[in-house]
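Each remark here refers to the structure printed beneath this line.
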Amino acid sequence: MIGYISFIVISYLLGNISSSYFISRFVFNTDIRTMGSKNPGTTNAFRVFGKRAGFLTFIGDFLKGTIAVLISTYLANRFNFDANLARYIAAISVVCGHDWPIFLRFKGGKGVATTYGAMLVIAPLQTVASGLFFFISLFTTKYVSLSSMLSIMLFPILMFTVKDLSGLWVCLILSAMVVYRHKSNVLRLINGTEPKAGLGSKKKNTESGEL
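Each residue of the sequence shown is one higher than the one before, starting from 936 at the first, in our numbering.
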């Protein structure tokens, strides 16, 4: 039990590392949480600071998901724990750390990039398929938020097709977390007030969907 708790703690703390926050603080000498949509996520970094900062934010958020799962898998194999369970625990925990970071007063991002990073280790083919779906949806709808939610919600279906029931439940939890974090975007989509994608243009007063 202590071993699995350690996986939770390690992964959660890794999730607390906010790429956009550090980029805004140390590169732009400001706080992304006070700019644009005020969300410390990839899309807001793209919109407020431009393509380079947005790309670096995505890479950082993606990698912490990957690293958390890899570390937990290594430790599980090293100390004879269930490696699959360790991976699933790490995936949920690192996304929780990203969404609700204790060091940023529980005000984090929306977990899409981190979910992709974690899922790349757990189910690489399904992650690639979901990523392709994201870009197809974004090209078609121009909504980052809608494309993010739909692509993550595709994971449970993909896991079901390969009969990975444990992975299915984990993906359902991750999907629910992503949709919950996008609740304001859902309301704007329903009301027809959700902004469409304009990544790379520095708009400081938008409330778009976040990665």
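Heads up, the beta-carbon is just placed ideally off N, CA and C, and yes, glycines get one too. Predicted, not measured: the structure shown is a model, and the values here were computed from it.
DSSP places residue 1078 in the coil class of the three-state scheme, outside both helix and strand. When secondary structure is reduced to three states using DSSP, residue 1034 falls in the helix class. Of the candidates 1044, 1032, 1036 and 1026, 1026 places its Cα closest to the Cα of residue 1051. Exclusion of the five residues before and after residue 1114 leaves 1084 as the residues of its chain whose Cβ lies within less than 6 Å of its Cβ. Listed in chain order, the alpha helix (DSSP H) elements of length 4 or more contained wholly in the segment 991–1066 are 1018–1034 and 1047–1057. Straight through space, the alpha carbons of residue 1065 and residue 950 are spaced by roughly 22 Å. Residue nearest to residue 1120 within the set 1086, 1018 and 1078 is 1078 (criterion: CA-CA distance).
Distances from the alpha-carbon of residue 983 to those of 956, 1008, 1007 and 996 put 956 closest.
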